[in-house]
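Data first, discussion second: the structure below is written as structure tokens.
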Amino acid sequence: MKNLIDIKELSVEEIDQLIEKARDIMQNKEKYAEKCKGKKLATLFFEASTRTRLSFEAAMMELGGNVLGFSSADSSSVSKGESVSDTIKVVGGYADIIAMRHPKEGAPLVASLKSDVPIINAGDGGHNHPTQTLTDLLTIQCEKNRLDNLCIGLCGDLKFGRTVHSLITAMSRYKNIKFILISPKELKIPEYLKRETLEKNNIEYVETSDIEEYMDKLDILYMTRVQKERFFNEDDYVRLKDYYILNKEKLEKAKPDLCIMHPLPRVNEISTDVDDDERACYFKQAKYGKYIRMALILKLLEIED
Amino acid sequence: MNIDSIKDGIVIDHIQAGKGMEIYDALKLKELDCQVAIITNAKSQKMERKDIIKIDRAINIDLDILGFIDPESTVNIVKENEINQKFHVGLPKKIVNIVECQNPRCITSIEKDLDQVFCLTDEENKIYRCKYCEMSMK
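Top to bottom, those sequences are chains R and B.
Residues in the first sequence are numbered consecutively from 1, following this note's numbering.
Residues in the second sequence are numbered consecutively from 1001, following this note's numbering.
Next comes the structure, spelled out in structure tokens:
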């Protein structure tokens, strides 16, 4: 494993190893405090994303390494017209590993084909965001103590939501998974994903627009934000952005051990009155993201125990 | 109607009727200085009607382009007046610089030096996806 561009590149065994490593890091932080001493992570964020960038930077710092980079295309040579390939070749001379976010889909793949150092895709447009998926898997493992035998509700933008697409792809490889796909009809999951992932793997799924209909069946409820930047038409965005708002009332029938997740940032789709509920896991989820990124950095830099 | 047989060359047979000229253009056969015959609407037991292209020289043809336009076509390689080799073309696994990705969010929309690469991801439904953004070809 030289790069991480798409979650599909990882086998179930590799994912399990990363999760195991992340859990070990959580329990033995001091053991890992200097594992990346003398190493540098470059965070190349051609599109702003504060929390993902900070998560990567915190991960590298907790491993004893250093970070450098930029947080928007305006402050990089891209604004002068430099290609991704050229930027990567230059930065590869300064850093040992690169985490890259880019608004154009496929940009991290282009980078990986030109780079001498490992590339981590930190999000490319509406396409892939594999470290978010790894974060989600670690969260589920830690909170539910399993990655199989789960009924997973996915709610909100299932059309453009890359985290949802990647999570479906990743979870489809585990046994006895059932999906409840909750969305307005305009934001339903793409047909190809149903055909090529769910139906191909005989995964049970139900589509509904009612968030409460299957609430009592869910082990996990994964809420998503309707993202403005994915719409070409502002009217559609305004009409759909507050379609679902999860609040205490809607959770009345939910299981006592439900795990409520959200990739964050949250806007209105989860009411703040849910934050104090023991079932709200989204802030813990963000913290798990740092540990799985630490495990990934160690793996890609081939740093053993 | 008679068209001479060829001594050394290539016969592209079982082309779907109407696609002969498209293949002629895509394979840039007009740039050859040898004889090329295009037979359209030929009678066929298997297909009712078909197109045939005869090239009077042994050239390397791009099978990916041919397979992408008409995977059901067959290629006959003729040597010394005999069919030396015959094969069914089939769908290519990958096509390069034949079609452009239409996704405005794809990296190929801004970096024009990149090859336009599409990979066959669903053979049954003949679906190709962009190597970079994975959007299916329209």
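Where a beta carbon is used, it is the ideal one built from N, C-alpha and C, also for glycine.
All values reported here derive from a predicted model rather than from experimental measurement.
Near residue i, which residues of its chain fall below 6 Å by C-beta distance, leaving aside the five closest residues on each side in sequence?
i, result
"residue 214 of chain R", "180"
"residue 132 of chain R", "163, 263"
"residue 138 of chain R", "19, 22, 288, 292"
"residue 92 of chain R", "115, 116, 117"
"residue 99 of chain R", "43, 56, 120, 122"
"residue 1083 of chain B", "1076"
"residue 171 of chain R", "177"
"residue 1126 of chain B", "none"
"residue 1044 of chain B", "1050"
"residue 206 of chain R", "180"
"residue 37 of chain R", "64"
Give the residues of chain B in contact with residue i, contact being defined as C-beta atoms less than 8 Å apart.
i, result
"residue 83 of chain R", "1111, 1113"
"residue 110 of chain R", "1107, 1111, 1114, 1132"
"residue 127 of chain R", "1105, 1133, 1134"
"residue 99 of chain R", "Within chain B, no residue comes near residue 99 of chain R; the closest Cβ sits about 17 Å away, beyond 8 Å."
"residue 192 of chain R", "1127, 1136"
Cutting at 7 Å between CB atoms, please list the residues of its own chain near residue i, excluding the five before and the five after it.
i, result
"residue 158 of chain R", "164, 181, 183, 187, 188, 189"
"residue 35 of chain R", "63, 64, 298, 303"
"residue 112 of chain R", "3, 5, 119"
"residue 1062 of chain B", "1027"
"residue 89 of chain R", "114"
Spell out the partners DSSP gives residue i in its beta bridges.
i, result
"residue 1036 of chain B", "B/1055"
"residue 1129 of chain B", "B/1119, B/1136"
"residue 1087 of chain B", "B/1075"
"residue 179 of chain R", "R/152, R/205"
"residue 43 of chain R", "R/69, R/99"
"residue 241 of chain R", "Its beta-bridge partners do not exist; DSSP assigns none."
"residue 1082 of chain B", "B/1079"
"residue 327 of chain R", "No statement about residue 327 of chain R is possible, as the shown extent of chain R runs from 1 to 305 and does not include it."
"residue 192 of chain R", "DSSP lists no partner for residue 192 of chain R."
"residue 1048 of chain B", "B/1044"
"residue 124 of chain R", "R/102, R/128"
"residue 261 of chain R", "R/222"
"residue 1106 of chain B", "R/105"
"residue 280 of chain R", "R/260"
"residue 1016 of chain B", "B/1050"
"residue 1094 of chain B", "B/1119"
"residue 4 of chain R", "R/120"
"residue 292 of chain R", "DSSP output for residue 292 of chain R lists no bridge partner at all."
"residue 246 of chain R", "R/270"
"residue 1010 of chain B", "B/1055, B/1077"
Check the C-beta distance from residue i over to residue j and give it rounded, since I have them as a contact under 8 Å.
i, j, result
"residue 286 of chain R", "residue 51 of chain R", "7 Å"
"residue 1130 of chain B", "residue 1103 of chain B", "7 Å"
"residue 56 of chain R", "residue 41 of chain R", "7 Å"
"residue 1015 of chain B", "residue 1070 of chain B", "5 Å"
"residue 226 of chain R", "residue 247 of chain R", "No, residue 226 of chain R and residue 247 of chain R are not in contact; Cβ-Cβ is about 17 Å, not under 8 Å."
"residue 1118 of chain B", "residue 1099 of chain B", "7 Å"
"residue 110 of chain R", "residue 1132 of chain B", "7 Å"
"residue 85 of chain R", "residue 48 of chain R", "Going by Cβ atoms, the distance from residue 85 of chain R to residue 48 of chain R rounds to 22 Å, so no, they are not a contact pair."
"residue 1091 of chain B", "residue 1066 of chain B", "Their Cβ separation, rounded to whole angstroms, is 11 Å, which puts residue 1091 of chain B and residue 1066 of chain B out of contact at 8 Å."
"residue 169 of chain R", "residue 7 of chain R", "6 Å"
Whose C-beta lies closer than 8 Å to the C-beta of residue i among residues of the same chain, with five residues either side of it excluded?
i, result
"residue 1032 of chain B", "1055, 1057, 1059"
"residue 127 of chain R", "105, 106, 162"
"residue 236 of chain R", "186"
"residue 1086 of chain B", "1074, 1075, 1076, 1077"
"residue 67 of chain R", "40, 41, 42, 43, 56, 57, 60, 61"
"residue 1140 of chain B", "Absent from the structure is residue 1140 of chain B, since the part of chain B shown begins at 1001 and ends at 1138."
"residue 250 of chain R", "211, 212, 215"
"residue 29 of chain R", "62"
If the cut is a Cβ gap below 9 Å, which residues of chain B does residue i touch?
i, result
"residue 104 of chain R", "1105, 1106, 1107, 1108, 1109, 1110, 1111, 1132, 1133"
"residue 123 of chain R", "The contacting residues do not exist; residue 123 of chain R stays about 12 Å from chain B at best."
Find the residues of chain R that neighbour residue i, judging by a C-beta separation of less than 7 Å, and give them in chain order.
i, result
"residue 1122 of chain B", "196"
For residue i, which residues in chain B fall below 7 Å Cβ to Cβ?
i, result
"residue 107 of chain R", "1107"
Point to revise | contact_flag[the region 244-260 of chain R, the region 217-229 of chain R] where n(CB pairs < 8 Å) is 3 or more | key: Touching, yes.
Practice item. Determine contact between the region 98-109 of chain R and the region 1094-1114 of chain B, defined as no fewer than three beta-carbon pairs at a distance below 8 Å. Key: Verdict: yes, contact present.
Check your understanding: Is the region 1034-1048 of chain B close to the region 1074-1082 of chain B, with three or more CB pairs under 8 Å?
Key -> With the rule of 3 Cβ pairs closer than 8 Å, the region 1034-1048 of chain B does not count as touching the region 1074-1082 of chain B.
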